[in-house]
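The opening residue of the sequence shown carries number 3 in the numbering used here; numbering runs sequentially from there. Just so it is clear, CB atoms sit at the ideal spot from N, CA and C, and this is done for glycine as well.
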Amino acid sequence: IECSSRPQKKATAHHIKSRPKKKGYDRRRKGPTRYPPLSERPAIWDILTP
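See the structure below:
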């Protein structure tokens, strides 16, 4: 009998491994990432009306 080279996880083990992980309080209270505002787009990108 030969063994598989890459055995699959059984169902419960897979669900435990792939479920979302809890994050700590300090990660939740930070809020979304604040990015610097984008610069003005060049005039070539403006929409021209016919």
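Within this structure, are the beta carbons of residue 19 and residue 11 separated by less than 9 Å? yes
Per-residue DSSP class, three states only, for residue 19: Three-state result, residue 19: helix.
With DSSP run on the structure shown, which of helix, strand or coil describes residue 8? coil
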